[in-house]
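Asks: The opening residue of the sequence shown carries number 74 in this note's numbering; numbering runs sequentially from there.
Attaching a single structure in structure tokens format; questions to follow.
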Amino acid sequence: MTSNLSFIEPMKALPVRDLPTGDWLYEMKFDGYRALAFKSGKNVRLISRNQTDFGNDYPPGLSIP
74 MTSNLSFIEP
84 MKALPVRDLP
94 TGDWLYEMKF
104 DGYRALAFKS
114 GKNVRLISRN
124 QTDFGNDYPP
134 GLSIP
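Below, the structure is given as structure tokens:
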């Protein structure tokens with residue numbers, strides 16, 4: 074994969090006692106993998122927040138048009 078697809082560290086969820094007020098959407102955290110997709114032209118990378126490459130584990134995800 075080309076090196077022009079640089080890593081951007083994602084924000085991490087923080088445990089809180091109360092949910093913030095306002096017009097927010099919430100997502101349940103289930104066990105499993107969460108991947109970040111980086112696309113530049115026809116080059117796609119799937120990586121974890123710890124920069125583990127998921128490309129070999131999920132090759133169909135690399136064929137995003």
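Just so it is clear, CB atoms sit at the ideal spot from N, CA and C, and this is done for glycine as well.
All of these numbers come straight from a predicted model, not from anything done at the bench.
Have a look at LEU135 and ILE81 and give me their C-alpha separation to the nearest angstrom.
Replies: Roughly 18 Å separates the two Cα atoms.
Asks: Just curious, the beta strand (DSSP E) that ASN116 is in, first and last residue?
Replies: Start and end: 116-120.
Asks: How about PHE103: is its Cβ closer than 6 Å to a heavy atom in the ligand PLP?
Replies: For the structure depicted, the ligand PLP is absent and the ligand set is empty, with no information on it obtainable.
Asks: Measuring straight from C-alpha to C-alpha, what distance separates PHE127 and VAL117?
Replies: Near 11 Å, if we compare the C-alpha coordinates of VAL117 and PHE127.
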